[in-house]
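Working notes, beginning with the structure itself.
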Amino acid sequence: MGKKVKKEAESPPKDVFDPLLIESKTPATAVLMLSSPENEVLAKACDALYKFASKDDENKLTLLGLGALEHLYKLLSHEDPIVRRNAVMVFGVMASNHDVKKLLRELDVTNSLIPQLAPEEDVVIHEFATLCLAHMAVEYTTKVKIFEQGGLEPLIRLLGSPDPDVKKNSVECIYLLVQDFQNRAAVRELNVIPPLLGLLESEYPVIQLLALQTLEVITKDKETRIILGENKGLDFLLNILENNELSDLHVETLAVLGNCLEDVHTLQLIQVTGGLTKLLSFLEVSAVPDIQKNAAKAITKAAYYAEIRKILHWEEVEKFLLSLLETNNDGVKVAASQAISAMCENIDSKSIFGLQGIPQLVQLLSSDNEEVKEAAVTALTNLTTASPKSTSIVAEAEGIEPLMNTLNAQRDGAVANAIAVLTNLSLQEPSRVSIQSHGIMSALAGPLRSTNSQVQSKAAFAVAAFGCDADARTELRNAGGLGPLVGLLHSKNEEVRRNACWAIMVCASDELTAVELCSQGALDILEEINLSTKRKNKFSEAALEKLLDNNLSHKYSRMGYLSSSNIITNGFYDCGQIKHGKKFLSLEELSKQELTDRRAIIFINAQ
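Just add 3 to the spot in the sequence shown (first one is 1) and you have this note's numbering.
See below:
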């Protein structure tokens, strides 16, 4: 037998380093390891930093302080896919921190992340790159950079990713980007609608919700609404409404449909397919306040267009809006009242609301909620303007007293519209008498002092409407309302000035009021207005003439003559002609002066 030869183990080459397992217990060491030339060390260091940063915000700030981001930024373009993937993962979790985002913007990290969205990249890279972009897209400057660096196209493509996290991050990023109108137009050109509609069928509610929120923003543009209709998007939306299991998506779905109501073409499309009937049927049975409120708001916006008002009337939208006035939610009542105001532009709708809605709106005037009060009285203004039938119904519904109370409301809009309704009611004699018995002129003294031009204008107009009655003029005079009325002649608002002139013309119908208006300086202001081609109006000239005709002593002193229609009565006096700008003194003021050698004052006293 031959001898057994023992083989000796071969020794490794002397320049080969044995593998060394490094165990680090501090993030600082892991950050140092990011400078290693070895791929495995880099990958493990990134992984450790990812786990550390994922724990809380404090850890993210620690890494920021250690300068980890600058090292990681260089690894985004590393040739090793695992190193690159792990580096992107760290950025994805770190970007949720405000201070981190600030540095990422300085590093222009989006420019390195967008290439990571390429189709051939790992799905994990897609997930964390889109996560980082979604965190950063909150800032306007980053929105601009993502757009300029071509980020929209790959983000839209990733809406079709098989990975739900990638889908969620991508759609969230797109949602944030389309808040900017430039991006809205860009995503439309990149055909974003089909993949967004595809996300509505996702099994993940958060993805469906983000898709709807994105659709709600982009369908504010008419061109996008047309594309939505062409892609049968309206059917998708109506199907969600018909599915009770998706009730948590109904509010957002309605917001998208609400935008679609603003477009005649899209609305006709919904109507022809029976979708509008379905939509209103759904709304009528819904008891969710947010759904009811958003639906009413959508109708308000849509009712801006005459053609759309006509379609909504055909679909009996009035019935739905009237039902909303009965709800227990103030926000819903406000939205419904505003929609009624908007729909009043349609004569047939106005007639229906006038017959069926006025008693409910009158009740809302007694609400403790100031916004409800304002919305209700605004609807009543629209209903009673040029509608004798509606004004009668307001009076029959005992609306005068709550309208008078609304003159003390906190909101200027409520006060202005309450005055407008009362003025509309004054055209009917029984209502006029009733309103005057409630002390309308005393109540108007406050609004005449308002700083709001709408309130001032309506109050002056109301004085003109009610001032035809002598008792009403006396009431205004006694309430101290003539001073603030004269003050409105100084207004820079043309409508306020015109209505104040009109009111003064009416109030100057009796001598006592005319004399008081003159003592408040009305004559001088009116003369000044009439000298200006821009400020004078037909009422300013008529008011000046009326004031002088009912204050003949003043007229004779100022003009030096009386017209043939002016009849002197007891109390007339001639104190001589006064120079322009000099004060005209009353008989009482003259009687207190000491006797002089100037010409005597002639006083007529036939009694």
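Even for Gly, the Cβ is constructed at its ideal location relative to N, Cα and C. The structure displayed is predicted, hence computed values, not measured ones.
Exercise. In whole angstroms, what is the alpha-carbon distance linking Q364 and L406?
Worked result: Position 361 of the sequence shown, counted from the start, is the residue given in the question as residue 364. Position 403 of the sequence shown, counted from the start, is the residue given in the question as residue 406. According to the sequence provided, residue 364 is Leu. The question's Gln does not apply to it. Within the model, the alpha-carbon separation for L364 versus L406 is close to 11 Å.
Exercise. My guess is that I149 and V181 are in contact by the Cβ rule of under 8 Å, so how many angstroms apart are they, rounded?
Worked result: Numbered from its first residue, the sequence shown carries residue 149 at position 146. Numbered from its first residue, the sequence shown carries residue 181 at position 178. Wrong, their Cβ atoms sit about 11 Å apart, outside the cutoff.
Exercise. For T256, does the count of other Cβ atoms within 10 angstroms reach 16, so buried, or fall short, so exposed?
Worked result: In the sequence shown, counting from the first residue as 1, residue 256 sits at position 253. With 16 or more other Cβ atoms within 10 Å, it is buried.
Exercise. Considering only residues of the same chain and omitting the five flanking positions on each side of V337, which have a CB-CB separation below 7 Å?
Worked result: Here the question's residue 337 lines up with position 334 in the sequence shown. Apart from sequence neighbours up to five positions away, the residues of its chain that approach V337 with a beta-carbon distance below 7 Å are E374, V375, A378, ordered along the chain.
Problem set entry | Candidates V275, A468, E206, E401, of which the one nearest E248 by Cα | Here residue 248 refers to the residue found at position 245 when the sequence shown is read from its first residue. Checked all of V275, A468, E206, E401; the closest Cα to E248 is E206.
Exercise. Who are the Cβ neighbours of K225 in its own chain at under 7 Å, not counting the five residues just before and after it?
Worked result: The residue you call residue 225 lines up with position 222 of the sequence shown. D266.
Problem set entry | Simplified DSSP state of F575, which is helix, strand or coil | Taking the first residue of the sequence shown as position 1, residue 575 is located at position 572. If DSSP states are grouped into helix, strand and coil, F575 belongs with coil.
Exercise. Can you find a CB in chain B that lies within less than 7 Å of the CB of F131?
Worked result: Among the chains of the structure shown, chain B does not appear; only one protein chain is present.
Problem set entry | 7 Å Cβ cutoff met for L324 and A342 | In the sequence shown, residue 324 corresponds to position 321, counting from 1. In the sequence shown, residue 342 corresponds to position 339, counting from 1. Taking a C-beta distance under 7 Å as the contact criterion, L324 and A342 qualify as a contact pair.
For this session: Output the distance between the C-alpha atoms of P84 and H74, rounded to the nearest integer angstrom.
Result: What you label residue 84 is simply residue 81 of the sequence shown in a count that begins at 1. What you label residue 74 is simply residue 71 of the sequence shown in a count that begins at 1. Rounded to the nearest whole angstrom, the CA to CA distance from P84 to H74 is 17 Å.
Problem set entry | Proximal residues to N100 (C-beta, below 8 Å), its chain only, five neighbours per side dropped | On the sequence shown, position 97 is the one that residue 100 refers to. These residues qualify, in order along the chain: D60, K63, L64, L67.
Problem set entry | Where M4 sits in the DSSP three-state scheme | For the purposes of this step, residue 4 is taken as the residue at position 1 of the sequence shown. In this predicted model, M4 has a pLDDT of only 43, less than 50, meaning its place in the structure is not dependable; the value taken from the coordinates is given anyway. Looking at M4 - three-state DSSP - the assignment turns out to be coil, as it is neither helix nor strand.
Exercise. Alpha helix (DSSP H) containing T409: first to last residue?
Worked result: Position 406 of the sequence shown, counting from 1, holds the residue named residue 409. Run containing T409: 403-409, per the alpha helix (DSSP H) assignment.
Problem set entry | Q439: first and last residue of the uninterrupted alpha helix (DSSP H) it sits in | Locating residue 439 in the sequence shown gives position 436, counting from the first residue. For Q439, the uninterrupted alpha helix (DSSP H) segment begins and ends at 432-440.
Exercise. In chain order, what residues of the same chain have a beta carbon less than 6 Å from the beta carbon of S543, not counting five sequence neighbours either side?
Worked result: The sequence position of residue 543 within the sequence shown is 540, counting from 1. Residues of the same chain with a CB within less than 6 Å of the CB of S543, apart from the 5 flanking positions on each side, are C504, L529, I532, N533 in chain order.
Exercise. Along the chain, which unbroken stretches of the beta strand (DSSP E) at least 3 residues long are found entirely within the region 476-544?
Worked result: At a cut-off of 3 residues, not a single continuous stretch assigned as beta strand (DSSP E) sits fully inside the region 476-544.
Exercise. Looking only at its own chain, which residues have a Cβ that is under 7 Å from the Cβ of L218, when we skip the five neighbours before and after it?
Worked result: In the sequence shown, counting from the first residue as 1, residue 218 sits at position 215. Answer for L218: L199, V259, listed in chain order.
For this session: For N420, name the three-state secondary structure that DSSP assigns.
Result: Counted from its first residue, the sequence shown places residue 420 at position 417. Taken through DSSP and simplified to helix, strand or coil, N420 comes out as helix.
Exercise. Taking C-alpha atoms, which residue in G232, S289, S250 lies nearest to L264?
Worked result: Along the sequence shown, one-based indexing puts residue 264 at 261. Closest option to L264, Cα to Cα, is G232.
Exercise. Taking the alpha-carbon positions, what's the T29 to S164 distance?
Worked result: As a first step, residue 29 is located in the sequence shown; it is residue number 26 there, counting from the start. As a first step, residue 164 is located in the sequence shown; it is residue number 161 there, counting from the start. When rounded, the distance between both Cα atoms is 37 Å.
For this session: Go ahead and pull the three-state DSSP assignment for I396.
Result: On the sequence shown, residue 396 is found 393 positions in, with the first residue counted as 1. In the three-state DSSP reduction, I396 falls in the helix class (H, G or I).
Exercise. Roughly how many angstroms separate the alpha carbons of A545 and M508, rounded to a whole number?
Worked result: As a first step, residue 545 must be located in the sequence shown, where it is residue number 542. As a first step, residue 508 must be located in the sequence shown, where it is residue number 505. Taking the straight line from one Cα to the other gives about 6 Å.
Problem set entry | Run of the alpha helix (DSSP H) containing S352, from where it starts to where it stops | Position 349 of the sequence shown, counted from the start, is the residue given in the question as residue 352. Element bounds for S352: 350-359.
Exercise. Distance, Cα to Cα, Q185 vs E192?
Worked result: Here residue 185 is taken as the residue at index 182 of the sequence shown, counted from 1. Here residue 192 is taken as the residue at index 189 of the sequence shown, counted from 1. Between Q185 and E192, the alpha-carbon positions lie close to 11 Å from each other.
For this session: Grab me the residues of A448's own chain with a C-beta within less than 8 Å of its C-beta, minus the 5 sequence neighbours each way, in chain order.
Result: For the purposes of this step, residue 448 is taken as the residue at position 445 of the sequence shown. Cβ neighbours of A448 beyond the five flanking positions: L479, A482, G483, G484, P487.
Exercise. Looking only at C-alpha atoms, which of I422, L492, H493, R452 sits nearest to F469?
Worked result: Start at 1 with the first residue of the sequence shown, and residue 469 comes out as number 466. Considering only alpha carbons, the answer is I422.
For this session: Could you name the residues of the same chain whose beta carbon sits closer than 6 Å to that of N554, not counting the 5 residues immediately before and after it, in chain order?
Result: For the purposes of this step, residue 554 is identified with residue 551 of the sequence shown, where counting begins at 1. Around N554: A517, V518, C521.
Exercise. In whole angstroms, what is the alpha-carbon distance linking L571 and L425?
Worked result: Taking the sequence shown and counting its residues from 1, one reaches residue 571 at position 568. Taking the sequence shown and counting its residues from 1, one reaches residue 425 at position 422. Per the sequence shown, residue 571 should be read as Ile rather than Leu. Rounded to the nearest angstrom, the two C-alpha atoms are 38 Å apart.
Exercise. I think L244 touches H253, with their Cβ atoms under 8 Å apart; what is that distance to the nearest whole Å?
Worked result: Indexing the sequence shown from 1 puts residue 244 at position 241. Indexing the sequence shown from 1 puts residue 253 at position 250. Going by Cβ atoms, the distance from L244 to H253 rounds to 6 Å, so yes, they are a contact pair.
Problem set entry | Buried or exposed (CB count within 10 angstroms, at least 16 for buried), Y307 | Position 304 of the sequence shown, counted from the start, is the residue given in the question as residue 307. So Y307 ends up on the exposed side.
For this session: Check whether the Cβ atoms of V174 and A121 sit closer than 7 Å, and answer yes or no.
Result: Residue numbering aside, residue 174 sits at position 171 when the sequence shown is read from its first letter. Residue numbering aside, residue 121 sits at position 118 when the sequence shown is read from its first letter. No.
Problem set entry | DSSP state of G154 mapped onto helix, strand, coil | For the purposes of this step, residue 154 is taken as residue 151 along the sequence shown, with counting starting at 1. Note: G154 maps to coil in three-state DSSP.
Problem set entry | Whole-Å CB distance - T387 paired with S344, under 8 Å assumed | By one-based count along the sequence shown, residue 387 stands at place 384. By one-based count along the sequence shown, residue 344 stands at place 341. The C-beta separation of T387 from S344 comes to about 12 Å, leaving the pair out of contact by the 8 Å criterion.
Problem set entry | Alpha-carbon spacing of L23 relative to T32, whole angstroms | Sequence index remark: in the sequence shown, residue 23 carries index 20 (1-based). Sequence index remark: in the sequence shown, residue 32 carries index 29 (1-based). Summary for L23: the model assigns pLDDT 46, below 50, so the residue's position carries little reliability; its value from the coordinates is reported in the next sentence. Rounded to whole angstroms, L23 to T32 spans 15 Å at the Cα level.
For this session: Throw me the rounded Cβ distance for the L110 and A98 pair, which I believe falls under 8 Å.
Result: If you number the sequence shown from 1, residue 110 lands on position 107. If you number the sequence shown from 1, residue 98 lands on position 95. Between A98 and L110 the Cβ distance is about 11 Å, and since that is not below 8 Å, they are no contact.
For this session: State buried or exposed for C510, treating a residue as buried only when at least 16 other CB atoms are found within 10 Å of its CB.
Result: Stepping through the sequence shown from its first residue, residue 510 is reached at position 507. With 16 or more other Cβ atoms within 10 Å, it is buried.
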